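Data block below; observations after.
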Amino acid sequence: MIILGLTFHRSAEALAGCTVFLLGIQMFLMGLSVRIRAVLQSLQQPRFMLFWIFLAWGVMPAVSFLLGRLFLSSSPEFAVGMILTTALPAAITSNVWTGISAGNLPLNITIVGTASVLSGIVTPFLLSAWVGAFISIDALDLFLGFLTGVMLPTLAGIFVNEKASFRLDSFRTVQKLVVKILAGLIIFINAGVMEPYLRQWGWQAVGLLFLVILQAVLTYALVLLIMSRVKGVSREDLVPLAYASAMRNNSAGVVIGFTYFGPTVAAPVILSILMQQPLASLIHRFIFSPTHGFYKYKTVPSRAD
Numbered sequence: 506m507i508i509l510g511l512t513f514h515r516s517a518e519a520l521a522g523c524t525v526f527l528l529g530i531q532m533f534l535m536g537l538s539v540r541i542r543a544v545l546q547s548l549q550q551p552r553f554m555l556f557w558i559f560l561a562w563g564v565m566p567a568v569s570f571l572l573g574r575l576f577l578s579s580s581p582e583f584a585v586g587m588i589l590t591t592a593l594p595a596a597i598t599s600n601v602w603t604g605i606s607a608g609n610l611p612l613n614i615t616i617v618g619t620a621s622v623l624s625g626i627v628t629p630f631l632l633s634a635w636v637g638a639f640i641s642i643d644a645l646d647l648f649l650g651f652l653t654g655v656m657l658p659t660l661a662g663i664f665v666n667e668k669a670s671f672r673l674d675s676f677r678t679v680q681k682l683v684v685k686i687l688a689g690l691i692i693f694i695n696a697g698v699m700e701p702y703l704r705q706w707g708w709q710a711v712g713l714l715f716l717v718i719l720q721a722v723l724t725y726a727l728v729l730l731i732m733s734r735v736k737g738v739s740r741e742d743l744v745p746l747a748y749a750s751a752m753r754n755n756s757a758g759v760v761i762g763f764t765y766f767g768p769t770v771a772a773p774v775i776l777s778i779l780m781q782q783p784l785a786s787l788i789h790r791f792i793f794s795p796t797h798g799f800y801k802y803k804t805v806p807s808r809a810d
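So the sequence shown is residues 506 to 810, counted in my numbering.
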């Protein structure tokens, strides 16, 4: 979809005003896959959800901030975009890779749903806390944008799912397809908007891509390093913690980046879309493959206190 957006950028630009609306529909449909019971269970037994929050919304924004300071001090808006990629909720596609890698899929689904609900508060807070060193932002406007574009549609979807779940069963396959189509359409539109800027940035965009890849690799590495030191974390639990930490809802990030900051801030999110799936494939092959990966069917080593 990125290639199509860059190729047919004039058509994509004509649809730019629709992205916030499309994101709201996508988040509503995602909410239809979440049950209140699952969210409440994650809050009643919050160990792994707290692990994810610590890794994804605690460690990684700090890492992004340091990378921005080290490599992007002359391009502060790129640095803000790097932080934005780590302040987003987990991507629904992380469920796919957790399933392929024989991980704890219910845990991954719970992380994605709970993170989507919490992101309306957490993401604006993280951006306010971290990006002030680079640019000034309107925290209230950002919060209201996330509230109306992400949090409320997700909660509406959860509410409908609770009231009419049995009626939605036959709709599940279509629902997943529509979510993917909407994500692709959002990416198509914003790639088209990005086209003139990418031509202007030239090789600078290539360097930024390598930095985005480095950040994602560090995410996987830090999750494996930190969680391997936590007692009682099984291989099946480690898989969703890794994928859900590294894979974020970039379609939401692109809309937020363009709407509240501009194309330069959105650039790292667009580039993250390019490498997120290929990198997840490599992580599966060499780390989490049930038969060939480093973490096969075994328990992650525990360390004595």
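In this text, a Cβ means the ideal position worked out from N, Cα and C, and glycines have one as well. Note that the structure is predicted; figures quoted are calculated from it, not measured.
Supposed contact pair residue j and residue i - C-beta distance, whole angstroms, cut 8 angstroms
i: residue 661; j: residue 533; result: 6 angstroms
i: residue 553; j: residue 742; result: 6 angstroms
i: residue 765; j: residue 647; result: 5 angstroms
i: residue 585; j: residue 636; result: 5 angstroms
Residue i vs residue j beta-carbon contact at 7 angstroms
i: residue 569; j: residue 541; result: no
i: residue 605; j: residue 789; result: yes
i: residue 615; j: residue 592; result: no
i: residue 717; j: residue 773; result: yes
i: residue 608; j: residue 744; result: yes
i: residue 528; j: residue 757; result: yes
i: residue 517; j: residue 761; result: no
i: residue 785; j: residue 602; result: yes
i: residue 621; j: residue 590; result: no
i: residue 728; j: residue 571; result: no
i: residue 633; j: residue 594; result: no
i: residue 781; j: residue 752; result: yes
i: residue 566; j: residue 631; result: yes
Member of the options whose CA lies at the smallest distance from the CA of residue i
i: residue 510; options: 706, 735, 779, 791; result: 779
i: residue 597; options: 682, 732, 566; result: 682
i: residue 794; options: 760, 740, 781; result: 740
i: residue 712; options: 539, 580, 545, 760; result: 580
i: residue 600; options: 538, 659, 555, 522; result: 538
i: residue 508; options: 678, 654, 564, 692; result: 692
i: residue 726; options: 666, 630, 514, 799; result: 799
i: residue 685; options: 522, 531, 514, 523; result: 531
i: residue 775; options: 754, 512, 523, 578; result: 754
i: residue 650; options: 791, 524, 676, 535; result: 524
i: residue 665; options: 738, 536, 577, 582; result: 536
i: residue 792; options: 767, 735, 730, 759; result: 730
i: residue 710; options: 515, 667, 737, 583; result: 583
i: residue 545; options: 520, 519, 645, 663; result: 663
i: residue 558; options: 678, 732, 767; result: 732
i: residue 577; options: 714, 678, 655; result: 714
i: residue 736; options: 655, 556, 575; result: 556
i: residue 654; options: 626, 738, 783; result: 626
i: residue 777; options: 767, 763, 759; result: 759
i: residue 522; options: 708, 783, 707, 690; result: 690
Closer than 7 angstroms to chain B by CB, residue i
i: residue 761; result: Considering every chain present, this structure includes no chain B. It has just one protein chain.
Do the stretch 737–754 and the stretch 607–621 make contact, defined as three or more Cβ pairs closer than 8 angstroms? yes
Using a Cβ distance threshold of 8 angstroms, determine whether the stretch 771–787 contacts the stretch 686–701, with at least three qualifying pairs required. yes
With a floor of 3 residues, list each beta strand (DSSP E) that falls wholly inside the stretch 727–782, ordered by position along the chain. none
Secondary structure, alpha helix (DSSP H): runs of 4+ residues fully inside the stretch 520–566: 524–536, 541–549, 552–557
Note down, one range per segment and in chain order, each alpha helix (DSSP H) of at least 4 residues found wholly within the stretch 586–660. Whole alpha helix (DSSP H) segments, 4+ residues: 599–605, 610–635, 644–651.
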